[in-house]
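Below is one structure, written out as structure tokens, with a few remarks after it.
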Amino acid sequence: MARFYPSERCFHFARNACISRLQELSDHDLRALLPSLVRMSQCPSLDESQHWQEARKEIQKILCGLEVVNSIVGLLSVDFGCLRQDCLKEKQMQRKLEDSSSSSHSALVEAGREGLALDFERSEPSRRLRLVLRELLRVMNKSSENKEFTSLESCELFECEVYMEDVCDVMCIVQAELPELFPLTEVSKALLRVPNGPWFICRLLVNFPDYFEQVCSTLLMNQDTKSNNPFPSYVQTEALHHLCKMNPDYSMTIRSEAIQRCCLPELTVKLTLDCRLGSNERRDLVEFLSGLLLGSDIHVRKWFAHFIKSGQKHHSTVSDTALKQLREELLCEVVVLTPPGHRQRIRNEWQKGREGQSGISEGKRRITVDEQDKETLEIIEAMDMSTDFEIVKQESPTGPSQDVPMSTNEHVTTLLEQDVIYATAMLRLYCALKGIAGMKLSSEESDELICLITSQAPPTAAGARFVTVGLCTMLACSGIVNTSEQEQEMIKWIKWLSKEESHYESSTGLHISFGESLLLTAIHFHSNNLEAITDLVSSTLGMRVRPGPLTRIKTIFTQDLFPEKAITEHAVRVAVTNQLSASDSGFLPVHCVYHLLKNRTFTKHSVQVKDWLYKQILCSFKPLHPLLVNLIDVFVTSVVMPLPNKHRRLAANVTVQGFSEADILTVFQQSNSPSNLTAQLLLLYYLLSYKDCCLSNMKSLVTNNHQPQGYSHSLYSQIPIKYLLQQARKSQEHYRDLYPPLLRLLVTYYPQLCLVEDWLCEEDGAEIQSQETKHSSTTNLTTAVVTQVLSNIHNNPTLAMLALLKLSKLDPRLLIPYVEAVVEGLRVALDPSVCRRVQILLKEMWMKLNTMIPRKLWLLTVNTLCERTTGSSPYTDDELIKDPLTVLRCDRKILRCAPIFTVITRVLMGYLAASRAMLNQHILANSNPVRNTSSTSCTNTEQEREELKSALLAAQDSAVVQILLEVCLQTPEEKQKQGGSMAKCELREIQCLVCSTLHQMFITDPKLAKLVHFQGYDPVLLPITVNGIPSMHICLNFITELLNQPELEKQLFAVQLSSYLCVQFPLPKALDVAKYVISRMTSLCEALPGDRCASFFIPACECLLRFCRAFPPLSMDTSSLLLLIGQLTASRAVGSCDDELELSQYYNMLQDVHKKAKTGREIVEDHGFEEQDILVKSEQLLCEVESDIVPGSKHVVLYNVVRKTFKELVRLCVLEKYGLAKS
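Note that full-length UniProt numbering has the sequence shown beginning at 1, numbered continuously upward.
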């Protein structure tokens, strides 16, 4: 007896209560609905409407002729109240007993001596109910334990097909009468463990259709995704599959839930294959599988990939069956997509080739390298020519192994335009199945894929995409090319691609990239860079795949299709990409040229690529394509560096040629359009990268006797480097790949253009400019008018200020024509009669111009403001870089004009930075060649040159510092004039500017501070430098070393410097220095002879007061030193010092004061001395000493200095410190 599952129509009628159409059902479907229909006809209903009465009569009319209805009516006459109580008792007994089937005790029915099936047949309806319920409760009890099952439960009632209908009737009646004891969801879970369980579940749900969704969700949730037992999954899949056949509208919902839970992959495949199609609809099989394998959910991807792998390993399983059905359906889709004429042609050729293979001896056609290159050149040269689809058939002298041109009948051999996108998705799906899921392609699948891939695509953008994906599919699934026939077909197809690229591009109006993909693949094969091929394929397909063995395809590409020399010669003939920018996706000619340059292929075959690269740079737009910077880097390497020795024999010229100076200047002489700006930035980067490569590899170049072409200094001077850097900085989002390396090279070789002060001024100027955008960006002031106005500053300063204010509102680029007028105005403004406001405005104009044309401005400023001998030529940029001190040979008036002095210091700092860079470049450019025999001597020579360079830079910087310090001193004329407060303010402003400049120099090079102080300078400047230079605290690190110098003058300078440092920086380290200085002075007092001792201590005694002011506890050590000096001096000046006891009295007074302070006297808060007071009192002290001293020996002078110092020490450092003046 065959099992018949309920049909879709049956379930639809039951769910929608289509009683009037029940007669349309088949006998099997009507039999499935009998339990519900009988109950509806026999049981009273709450609906007493006329419509229901008519429907009930219709049901009774259908049932009146069916004999099986009587048995179902008998089931309804059972006492279900008593049956409910017995079922509850049976449940309790089932829980107590481990195996109820082995027990003879049952609350539902007594065990019979006969078999269960025979007992069921002979029993009345009540006993039948109890027999079925006993077995059902037993299975439900096992199901509630959630234990896995590897086989079905043995039960005669569910196994025997004769009683299946009757058992199903019983379960339907029980479900209707006792739903609380037998929930349909639990019953469905239990029925999965019995024979014919899916059939029983479908029959139950067709009688209770409202529970369909709940039962389906329960069966899905019952799946254990971590279990390795496939049997439960098989049963669940079968049950849900039949349920979905019964209700197809719900199948997609079940499929989505299964994917979400990552369970039952076989079910999802079957539901997809069962999806109904309209007349012109296509099954969503490809979209569905692509979403699983190429979607963003990694768990779903791994789950389905595991299904594919397990289906291939375990045969004769449900996974294997579903996978076979899936692969067969996909193969049918591929066959349908492939043009029939094209497929038939290939099949016939393969059949002929395989039939004749046995009669033809195997051999390979021998082709010389020259013939092969010539043939390949003819093929790839056609990529630049516009052709149509007609390809002339050639003679085939050697049989089927020769190229057979593809048919030109478009209706037969060309993909339909509406199928191209779907065919592309199909190829990507096979790549995903192979690369991600690990599916092994059969020979039949390989043949059909070859037929589809080699089909002619229509000349559209979608067709070009299909061709590119087809090429990558051959690489990703390299195993599809197994036979010589397939290999020949692939060769013919690739040759056809190379000829048809220009046709595709002209037809679509778009840049087609499959030609570049072909060349890139060949290039990577020649360089044996399989990882790059993997990246190329992965980026094209949009998935990470790992191609299989590529040895066979590599041989085809490198020997039969694209020899290396042919590729190199063709690459420079490919048209450049017009308006190349970062928005251009896909593979472009720049990718091919980049990899050829990287592999040094152009150099090996003596092919010049500079013209092609120059054109591509001119056709570049922003946002900058990310590959252009790397392209320039590898081009520079090819230009500068020679080939290794093993490759030199391949090329007569060991390097390719770089850009000429004329070509570079042509770009910079054009207008500053957006495209030209990008080209200028790229060429600037090329020049800097070229210089960096030459200097960094100079030793290797000298060793190999290779001298690369150099670019003149005049070329760099004509390039607006600072302006281009500003534009790149403003548009960093467009030049994100270019700006960082460009800035690095500029900091290395042109540090004068990257000064911190200039960057800060540029930011301030940009903010001011943004606030003044409402003002006009043009002016009617001509250069002649501005020059005339600024030359007449003395007579009409108001007009000059108005002109300068109007110019200040202009963009810095518009100020370039006025550069000479502004610099000449600086010279005129040096006159003391010129008002300060005009000088400040001129300085601001100069700073704005400095952001645009700094090098030209500096040179013009030096030639205008600096003194020259009569008849000498103007300074050049090279001269100023070699001797930056020339900048300080300026007019003396500048040294007392703060605004213009700021200009001079800015120029000075720029040329100092340029001088350092010039010396570094000189060292690199004149490197000694590397010789194995004299490596030690070369190292010593390099070290000596570095030391000489450091010494020269140190001498240069220290000379600048000494000159700037002298500027802070009053000139003899200023001392004689004793000007008013205005003159002092001017001097003070100059001193502040000098201190700021020195602070920056000391921070840049702390060793410079040590060198300058070891050289020494006027001690009068110590208060100015210590108070005005914040970085002077670094002198505390070397003050002890300076104090130990043999020259007494340096030791005195160290004492004076340390005293000012202790006052300015009262740190613990300064206290240690002060203690050391006092101990050192004590030693000098005892060791120095009389005259030298007096010469040293007369100016040094005032330093002791500053030590005590900074650190009052040092007063005792200071007083001891003063007493010692006084005693020694008094002994040397016998008869001239009458008050020797006065020093002892001062000393004893200090001792008593310290003793009282230690006993607990109240200590007043230490306010310290005012700096002004201590300086004034020190000067007064020396004046008093000089006035009281009668001209005599130095010892008398020293004694009086000690006495006065003692007196001041007691008065200032003790009495005021501890508040004893009032006691």
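From the three backbone atoms N, C-alpha and C, an ideal C-beta is built for every residue, glycine too.
Per-residue DSSP class, three states only, for residue i
i, result
"residue 835", "coil"
"residue 620", "strand"
"residue 579", "coil"
"residue 262", "coil"
"residue 555", "helix"
"residue 456", "strand"
"residue 401", "Residue confidence for residue 401 is low, a pLDDT of 34 falling below 50, so the modelled location carries little weight; the figure read from the coordinates is stated next. Helix, per DSSP."
"residue 995", "helix"
"residue 172", "helix"
"residue 393", "The pLDDT assigned to residue 393 is 34, lower than 50, so where the model puts this residue is not dependable; a value taken from the coordinates is nonetheless given after this. Residue 393 falls in the coil class under three-state DSSP."
"residue 1129", "helix"
"residue 971", "coil"
"residue 866", "strand"
"residue 160", "coil"
"residue 890", "strand"
"residue 414", "strand"
"residue 738", "coil"
"residue 793", "coil"
"residue 651", "A caution first: residue 651 carries a pLDDT of 44, below 50, which makes its placement in the model unreliable, though a value can still be read off. Coil, per DSSP."
"residue 6", "coil"
"residue 1101", "helix"
Rounded separation between residue i and residue j - CA only
i, j, result
"residue 362", "residue 446", "Low local confidence applies: a pLDDT of 41 at residue 362 is under 50, so the model's placement there is unreliable, with the coordinate-based value given in what follows. For residue 362 and residue 446, the distance between alpha carbons rounds to 23 Å."
"residue 849", "residue 519", "49 Å"
"residue 1115", "residue 829", "53 Å"
"residue 1200", "residue 1107", "20 Å"
"residue 1196", "residue 909", "50 Å"
"residue 72", "residue 6", "19 Å"
"residue 835", "residue 801", "10 Å"
"residue 1034", "residue 739", "36 Å"
"residue 1026", "residue 758", "27 Å"
"residue 9", "residue 163", "25 Å"
"residue 209", "residue 173", "15 Å"
N- and C-terminal bounds of the alpha helix (DSSP H) containing residue i
i, result
"residue 221", "212–221"
"residue 1086", "1068–1087"
"residue 1028", "1022–1028"
"residue 483", "Residue 483 -> no alpha helix (DSSP H), and no H or E assigned at all."
"residue 85", "80–96"
"residue 803", "797–808"
"residue 202", "197–207"
"residue 307", "298–313"
"residue 589", "589–598"
"residue 150", "First-last for residue 150: undefined, no H or E at that position."
"residue 123", "Here residue 123 belongs to no alpha helix (DSSP H), and DSSP marks it neither H nor E."
Top-ranked residue by Cα proximity to residue i, from the options
i, options, result
"residue 69", "169, 1132, 995 and 696", "169"
"residue 749", "691, 708 and 783", "691"
"residue 1118", "1127, 1129 and 1105", "1105"
"residue 663", "698, 621 and 612", "612"
"residue 844", "865, 12 and 807", "807"
"residue 275", "951, 252 and 295", "252"
"residue 131", "497, 141, 142 and 119", "119"
"residue 292", "321, 4 and 437", "437"
"residue 106", "661, 124, 133 and 944", "133"
Integer-rounded CB distance, given that residue j should sit under 8 Å from residue i
i, j, result
"residue 1272", "residue 32", "Any property of residue 1272 remains undetermined from this structure, which presents the chain solely from 1 to 1223."
"residue 215", "residue 256", "Not confirmed; about 17 Å, so no contact."
Residue i Cβ short of 7 Å to the ligand FMN heavy atom set
i, result
"residue 16", "No copy of the ligand FMN occurs in the structure displayed, which carries no ligand at all."
Chain B contact for residue i (CB, 8 Å cutoff)
i, result
"residue 729", "The displayed structure is made up of one protein chain only, and chain B is not part of it."
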